[in-house]
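Colleague: Chains as they are written, first to last, in our numbering: chain Y, 1 to 339; chain U, 340 to 1143.
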Amino acid sequence: MKQALEKIELLAKAELEKITDAEQLEAFRIRFLGKKGELTSVLKQMAGLSAEERPIVGQIANRVRGGIEAELAEKAAQLKAETAARRLREERLDVTLPGKAPRLGKAHPMDSVMHEIEDIFIGMGFDIVEGPEVEYDYYNFEALNIPADHPARDTQDTFFITDNILLRSQTSSVQVHVMEDRKPPIRILSPGRVYRSDAIDATHSPIFHQIECLVVDKGITMANLVGTLDTVMKRLYGEECKIRLRPHHFPFTEPSAEVDILCFNCGGKGCAMCKGEGYVELLGAGMVHPKVLANCGIDPNEYSGFAFGLGLERVTMGKYGINDLRLLYENDLRFLGQF
Amino acid sequence: MDLSMKWLSDYVKIDVPVKQFCYDLTMTGSKVEGYKTEGEDIDRVVVGKLLSVVPHENSDHLVVCQVDVGAAEPIQIVTGASNVKAGDTVPVALDGSTLPGGVHIKKGKLRGVESNGMLCSLGELGLTKHDFPYAIEDGIFIIQEDCKIGEDIRSAIGLEDTSVEFEITSNRPDCLSVIGLAREAAATYALPFNPPAPKYTGVAGDINEKLKVVIENNQLCKRYIGGMVRNVKIAPSPRWLRERLRASGVRPINNLVDITNYVMLEYGQPMHAFDARFIVGNEIHVRNAKAGETITTLDGTVRELSPEMLVIADTEKPVAVAGVMGGEYSGIMGDTVDVIFESAAFDGASVRRTSKKLGMRTDSSARFEKGLDPAGCLPAILRAFELVEMLGCGEVLNTYIDCGGEPKKREPVKFDPDWINSFLGTDIPEKDMITYLERLGFEVRKGDPLGLIDGKVIAPSFRVDIECEADIAEEVARFYGYNNIVGQPLTGVANASLSDRQKLRRKLESACIALGLTQIETFSFISPKYYDKIKLPADSKLRNSVTITNPLGEDTSVMRTTVLPSMCETLARNYNYRNTEAALFELGTEYLPTEPDKLPNEPDRLSIGMYGNGADFFTIKGIVEEIFAAVSVDNVEYSAAGADCGFDEASMFHPGRVAVAEVGGKPIAILGEMHPDVAEVYGFGTRVYCAKINAAELLEYAGAERTYKPLPKYPAATRDISLVCDDELPVARIEKLIAGAVGNVLEKIRLFDVYKGEQIAGGKKSVAFSIVMRSADCTLTDEQADAAMKRIRKALESVGAEVR
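1) Taking only the alpha-carbon atoms, compute the straight-line gap between Leu829(U) and Glu254(Y) and give it to the nearest angstrom.
2) My parser needs the beta strand (DSSP E) runs of 3 or more residues fully inside the stretch 1046-1127 of chain U; what are they?
3) With 8 angstroms as the limit, tell me which residues of the stretch 740-763 of chain U have their beta carbon closer than that to any beta carbon of chain Y; keep them in chain order.
4) Would you kindly work out how many angstroms separate the C-alpha atoms of Pro1054(U) and Asp1125(U), rounded to a whole number?
5) Can Glu57(Y) and Lys2(Y) be called in contact, C-beta distance under 7 angstroms?
6) For a contact defined as C-beta to C-beta under 9 angstroms, what are the partners of Tyr821(U) on chain Y?
7) In chain order, what residues of the same chain have a beta carbon less than 6 angstroms from the beta carbon of Cys907(U), not counting five sequence neighbours either side?
8) If you drop the 5 nearest sequence neighbours on each side, which residues of the same chain put their C-beta closer than 6 angstroms to that of Phe967(U)?
9) The beta strand (DSSP E) spanning Asn295(Y) covers which residue range?
10) Going along the chain, which residues of its own chain have a beta-carbon closer than 7 angstroms to the beta-carbon of Asp894(U), five neighbours each way excluded?
11) Quick check: what's the CA-CA separation for Leu461(U) versus Ile479(U)?
12) To the nearest angstrom, how far is it from the Cα of Thr599(U) to the Cα of Ser343(U)?
13) Which residues in the same chain have their Cβ closer than 8 angstroms to the Cβ of Lys424(U), if we skip the five residues on either side of it in sequence?
14) Using 8 angstroms for Cβ pairs, my map puts Leu33(Y) next to Glu69(Y). What's the rounded Cβ distance?
15) The stretch 322-339 of chain Y: which residues have C-beta closer than 8 angstroms to a C-beta of chain U, in chain order?
16) Report buried or exposed for Phe1091(U), applying the criterion of at least 16 other Cβ atoms within 10 angstroms of its Cβ.
17) Could you pull out every unbroken alpha helix (DSSP H) segment of at least 4 residues lying fully inside the stretch 178-258 of chain Y, listed in chain order?
18) First and last residue of the alpha helix (DSSP H) that includes Ala70(Y)?
19) Could you give the first and the last residue of the continuous alpha helix (DSSP H) run that contains Ile122(Y)?
20) Taking a Cβ distance cut-off of 9 angstroms, strictly less, list which residues of the stretch 821-838 of chain U are near chain Y, in chain order.
21) Any chance you could list the alpha helix (DSSP H) runs of at least 4 consecutive residues sitting entirely within the stretch 991-1021 of chain U, in chain order?
22) Considering just the uninterrupted stretch of the alpha helix (DSSP H) at Ala327(U), what are its terminal residues?
23) If we count the other Cβ atoms within 10 Å of its Cβ and call it buried at 16 or more, is Ile824(U) buried or exposed?
24) Determine, for Pro206(Y), whether the minimum Cβ-Cβ distance to residues of chain U falls below 7 angstroms.
25) Answer with buried or exposed for Trp346(U), where buried requires no fewer than 16 other C-beta atoms within 10 angstroms of its C-beta.
26) Should the stretch 128-140 of chain Y be called in touch with the stretch 161-171 of chain Y, which here means at least 3 C-beta pairs below 8 angstroms?
27) Considering just the uninterrupted stretch of the beta strand (DSSP E) at Phe613(U), what are its terminal residues?
28) If you count every other CB in all the chains shown that lies within 10 Å of the CB of Cys514(U), and 16 or more means buried, which is it?
29) If we ignore side chains and look at the alpha-carbon of each, how far apart do Gly981(U) and Phe159(Y) end up?
30) With a CB to CB cut of under 6 angstroms and the five nearest residues on each side skipped, what residues in its chain are close to Thr869(U)?
31) Have a look at Tyr1040(U) and Glu965(U) and give me their C-alpha separation to the nearest angstrom.
32) Helix, strand or coil: how does DSSP classify Arg450(U) here?
33) Compute the distance between the beta-carbons of Val735(U) and Gly541(U), then report whether it is under 7 angstroms.
34) Comparing the C-beta of Pro939(U) with each C-beta of chain Y, is any distance below 7 angstroms?
35) Whether or not the stretch 637-652 of chain U and the stretch 577-594 of chain U are in contact is what I'm after, with contact meaning three or more pairs of Cβ atoms, one per stretch, closer than 8 angstroms; do they touch?
36) For Met949(U), report the span of its beta strand (DSSP E) as first-last.
Here it is, written out as structure tokens:
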């Protein structure tokens, strides 16, 4: 019996050597250690042994079992390590193959810029206010010191619905609504669509967006206008951005200015983008005309204010280097997908 | 306004390069658009004298000329022109020269004979007969000017002026003149400004014996000065005058007409010259047109006049539309003998209305409509008299008629340097302010230093734009320098946040982008034909749009009452661009008419459109569901949409694949697959899915911020159920029955299979759900779950469903 056990021990050792996978290992375990396994069947004969032999054989049997178990465990660990290594080896990928991205939606570049500008102004304490696009003549012109037959109307070719109703040609119309509805201090930003009878080309569109800014309070100065413009443009374009004001005329502001920004493209040296000027025209601005304040029921002797209107398309085009305004309204995914 | 720099130098001596001049004037408020130096595109063209002209040996059409160009030896040039002879002075383009239009001239051989350049015509120099009336157009320009052989052609014929183009704003008609710009330039550089003081001698004679002037409407005509020139000699103007007109972009015509144009350019005051023969009754009436009157204007067009228009009339008929254009027979002709000069001040608004109504915009009307100074009438006509005498083209009568007379001085405006500084946020000394203002011709009266008497400033009469203190502040600011104002940040505390509407819009945008939709921006106006393209019913209220009376074209003539056609167009454009898939959204506006003469409503609308990438009805429905979830709108119910679903656009959808979403019984969205007919109209070769959500109305339902619900403490009991029912029975109905049957322990019903086809009888479908039940207070027992399933079975059997 002792020999039988030792034979099993040797056999098991030899068999274990040949094992190469988990399946064989399990068969081995059943063959040698299972309930009907070789070792068990030997041990079943223990009952027939004498009292002296039984502990001795028992000891051998335990040693043999323990040995096989230990080797089995070792073999199992070795096989597992080999399997894992093989799997890693086999699963190697060509990591230069393209990725599989879920489809990502994109904001329209104008809306991204609009929100960016809105957020800058919210940070400076401006409410965002909207007004109607189809508007009464009064709000778009009359109250803004542009009476009927005023030549300034020519600079804004207007779409009319009736004699008295039009598509607003400027977001300045919202100034009037706001000043009628609120008491100073007023700090508002009003973004929205405006309409002018210009045929569409690379730089013109019958529909475009303006962002109107209005501040009315006691003691508002032109220096505040300059300071605010400077802050906003630096937030929008970076600290190195530089603005320049040129005297101009708008019927609803006095003094009035056109505001240029140092050309992004050439940094002021002069290039095709700025037509050699070094600066690019950005917006119109000025101190709210006393007549406009009075038209809206605000006493110009007590309050003053400034206003400016920014062209969203122009800012967007400058920011992303877009050279044709039509792209913004064509909505070609090959264009929109770039942002 | 094109300004001749030579002309300008009559009144102010500018000593800076033209580029600097343009910049400096722009920065003090006279914006320069650009400048152009005459003859800058001409190079190596000189004056030559033809020594001999002999026929070409190999050609009947060509001649061979020996030309003295001021060099040691004459040069030989072959020309095809027939108007040249020995002794003529001509422009010669030498070998290697450049002509306007980028033409380069090189020496070569013409039919075997060497030619070392080209003799030039007027046209080849970029000129016309108006510049040199004695020259012919189809031949070599035979120069009759006093010039030296070999001299550069540009100096020889006066092509040296630089003209600077100004963009003059509508408030500064005084700057539509050489004098006005000279004043601005002088103030910019603090240089002396020498305005002209016209003088004329005249011949004795009482104008009142020759002419009567009556202003019948003194609201629309503040002043009318009439003068007379007798025995005029109509001829071309002298070269210096023609050159100045040319540099100012005005075509020379004849001396009398040129004088009126010259004065208009110099003073900004339009003038008119009438042939006295055609002023019937020798009377000028400045009056409103009579109903039914017509006039044939100088351009030969018959114009119908209406009673609000102001005309210049004789005793019988209108002879000019006041401030706009003269009548056909009023103008100067070759045989004109006596001329009446008009220098008048017409009402700006009236001229503007008239010129608009007649569709006739002239240099004159463009100036008048901005409001001209009546005080400007007199110097202008005096200058015209002076020029007539200078040119020797007639006898000026030494009397003239002045109806209306000198206007009153302008009302003074308060001058308060402290206020100006507090308004501008500057610290400009009072004396500097006074200097700036006086340079511009303002009269300044300082206030009492104790503040007992206000300071006053009186604007010159031509500064029609100056009305209030803010205007004075602007004058000070522009000469102090806008860019010398040091920026100051706003002070004080202000609260700001987005409105609820704006917050909702931003949430919707974020949700759409997160769902893989790309944002588009489309035009708010569309073609009325778009309504047909989406098969909108003929009687749909959506066909009633806010209509533009002066659209750019039919394509952009009505304000859209539905955002869906814009989405369809955009999808179709992308499809045509061969973009294989698209998933788009627009947060746009609809314009819904209300009452006549009232503004429309402008509600926010969210439109969604997609094709490709396996999109189907349930893709777009899933997107719509997620959008509602993103803005916390719960309890949305979907049902098949019919024509009366609340959206007239139902017409554009596949009738079996369109749903309306309702909240609280109100339709809030429509979604579905595009009708095949509509898809065909747009040219799609694929299925297209669209949706529209009434975003504005969502504001009413959009739930408050979500609140946290505790995570479950007890396990859920999940049971699957499979049933066969009529195909017509909507799944939503089954789900409702299940929900009712389970009661408040229901956590979720998840549909996991719908099957039609083999093994299922015709007209039936198999549907399978997973039902998750959970109690917040205890673990549900199997008995409880089984009891719930029993109730479900019963409920389902009531609608004829067979549970398997």
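Note that the Cβ used here is the ideal one computed from N, Cα and C, for glycine as well.
Modeller: Once the coordinates are examined:
1) Walking along the second sequence from the start, residue 829(U) turns up at place 490. Walking along the first sequence from the start, residue 254(Y) turns up at place 254. Roughly 19 angstroms between the two C-alpha positions.
2) 1056-1065, 1085-1094 and 1103-1112
3) Ser761, Phe762 and Leu763
4) Translated into the one-based positions of the second sequence, residue 1054(U) becomes position 715. Translated into the one-based positions of the second sequence, residue 1125(U) becomes position 786. Rounded to whole angstroms, the gap between the alpha carbons of Pro1054(U) and Asp1125(U) is 16 angstroms.
5) Working through the first sequence from its first residue, we reach residue 57(Y) at position 57. Working through the first sequence from its first residue, we reach residue 2(Y) at position 2. Before going further, note that residue 57(Y) is Val rather than Glu in the sequence given. The beta carbons of Val57(Y) and Lys2(Y) sit closer together than 7 angstroms.
6) Locating residue 821(U) in the second sequence gives position 482, where the first residue counts as 1. Chain Y residues near Tyr821(U): Met222, Val226, Arg244, Leu245, Arg246, Pro247, Pro255 and Ala257.
7) Along the second sequence, one-based indexing puts residue 907(U) at 568. Tyr1021, listed in sequence order.
8) Within the second sequence, residue 967(U) is the residue found at index 628, counting from 1. Beyond the five residues adjoining it in sequence on each side, Phe967(U) comes within less than 6 angstroms, by CB distance, of Val975 in the same chain, given in chain order.
9) Locating residue 295(Y) in the first sequence gives position 295, counting from the first residue. Element bounds for Asn295(Y): not the beta strand (DSSP E) but the alpha helix (DSSP H), Pro290 to Asn295.
10) Counting from one through the second sequence, the residue named residue 894(U) turns up at place 555. So the list reads Ser866, once near-sequence residues are dropped.
11) Within the second sequence, the letter at position 122 stands for residue 461(U). Within the second sequence, the letter at position 140 stands for residue 479(U). Their Cα atoms are separated by approximately 7 angstroms.
12) The residue you call residue 599(U) lines up with position 260 of the second sequence. The residue you call residue 343(U) lines up with position 4 of the second sequence. Taking the straight line from one Cα to the other gives about 17 angstroms.
13) Numbered from 1 along the second sequence, position 85 holds the residue referred to as residue 424(U). Excluding sequence neighbours, Lys424(U) sits near Leu389 and Val392.
14) As a first step, residue 33(Y) is located in the first sequence; it is residue number 33 there, counting from the start. As a first step, residue 69(Y) is located in the first sequence; it is residue number 69 there, counting from the start. Contact flag correct, Cβ pair sits at about 7 angstroms.
15) Only Leu328, Tyr329, Glu330, Asn331, Asp332, Leu333, Arg334, Leu336 and Gly337 from the stretch 322-339 of chain Y bring a Cβ to less than 8 angstroms from some Cβ of chain U.
16) As a position in the second sequence, residue 1091(U) is number 752, starting the count at 1. Result: exposed.
17) 222-237
18) Here residue 70(Y) corresponds to residue number 70 of the first sequence, with the count starting at 1. For Ala70(Y), the uninterrupted alpha helix (DSSP H) segment begins and ends at Glu53 to Glu90.
19) Counted from its first residue, the first sequence places residue 122(Y) at position 122. Here the alpha helix (DSSP H) through Ile122(Y) covers Pro109 to Gly123.
20) Tyr821, Asn822, Ile824, Val825, Gly826, Gln827, Pro828, Leu829, Thr830, Gly831, Val832, Ala833, Asn834, Ala835, Ser836, Leu837 and Ser838
21) 1015-1021
22) Since the first residue of chain U shown is 340 and the last is 1143, residue 327(U) is not available in this structure.
23) By 1-based counting over the second sequence, the position of residue 824(U) is 485. Its Cβ being crowded by 16 or more others within 10 Å, Ile824(U) is buried.
24) To locate residue 206(Y), count along the first sequence from 1; it is residue 206. Yes - at least one Cβ of chain U is within 7 angstroms of the one on Pro206(Y).
25) Position 7 of the second sequence holds residue 346(U). It counts as buried.
26) They touch, by the three-pair rule.
27) Numbered from 1 along the second sequence, position 274 holds the residue referred to as residue 613(U). Met610 to Asp614 is the extent of the beta strand (DSSP E) around Phe613(U).
28) Sequence index remark: in the second sequence, residue 514(U) carries index 175 (1-based). The residue is buried, with at least 16 neighbouring Cβ atoms inside 10 Å.
29) Taking the first residue of the second sequence as 1, we reach residue 981(U) at position 642. Taking the first residue of the first sequence as 1, we reach residue 159(Y) at position 159. One C-alpha to the other measures close to 37 angstroms.
30) Residue numbering aside, residue 869(U) sits at position 530 when the second sequence is read from its first letter. Just to set this straight, residue 869(U) is Tyr in the shown sequence, not Thr. Only Pro904 meet the Cβ criterion.
31) Against the second sequence, residue 1040(U) aligns to sequence position 701. Against the second sequence, residue 965(U) aligns to sequence position 626. So the two alpha carbons sit approximately 15 angstroms from each other.
32) Taking the first residue of the second sequence as position 1, residue 450(U) is located at position 111. Reduced to three states, the DSSP call for Arg450(U) is coil.
33) Here residue 735(U) is taken as the residue at index 396 of the second sequence, counted from 1. Here residue 541(U) is taken as the residue at index 202 of the second sequence, counted from 1. For Val735(U) and Gly541(U), yes; Cβs fall inside 7 angstroms.
34) In the second sequence, residue 939(U) corresponds to position 600, counting from 1. Answer yes: the Cβ-Cβ gap between Pro939(U) and chain Y drops below 7 angstroms somewhere.
35) no
36) Position 610 of the second sequence holds residue 949(U). From DSSP, the beta strand (DSSP E) with Met949(U) extends over Asp943 to Tyr950.
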